[in-house]
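A.B. asks:
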Amino acid sequence: MKKVLGFVAGLFLLTLAAGAARTASIGWGGGDSDVGFWWTVIASFLTIAALGALVGTAIHSRRAD
């Protein structure tokens with residue numbers, strides 16, 4: 008059950024990161040470089056957190072041999 012929750016949390020964070028990246032793209036495209044920059048920073052942090060959750064879940068849910 009913990010494995011499922013870890014992967015769901017990682018996928019949820021990736022979804023949030025994709026939304027933030029889309030908002031950043033809209034900001035850059037609209038000429039609002041400050042909005043684009045900060046949403047890119049947020050998307051980067053969310054992506055790092057998502058990858059940490061996914062990799063951490065994969066590593067810590069392995070069976071010991």
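To convert, take the position in the sequence shown, counting from 1, and add 7; that gives the working numbering. For each residue, glycine too, the CB sits at the ideal point set by N, CA and C.
1) Mind checking LEU18: buried by the 16 CB within 10 Å criterion, or exposed?
2) Check this for me: beta carbons of GLY13 and THR64, under 8 Å apart or not?
3) Note down the Cα distance separating ALA28 from LEU61, rounded to an integer number of angstroms.
4) Residue range of the alpha helix (DSSP H) that GLY34 falls in?
C.D. replies: Checking against the coordinates, here is how it stands:
1) Your numbering for residue 18 matches position 11 in the sequence shown. LEU18 should be labelled exposed.
2) Here residue 13 is taken as the residue at index 6 of the sequence shown, counted from 1. Here residue 64 is taken as the residue at index 57 of the sequence shown, counted from 1. Cβ atoms of GLY13 and THR64: closer than 8 Å.
3) The count along the sequence shown starts at 1 and reaches residue 28 at position 21. The count along the sequence shown starts at 1 and reaches residue 61 at position 54. Each residue's alpha carbon lies about 19 Å from the other.
4) Here residue 34 is taken as the residue at index 27 of the sequence shown, counted from 1. Unbroken alpha helix (DSSP H) run through GLY34: 9–36.
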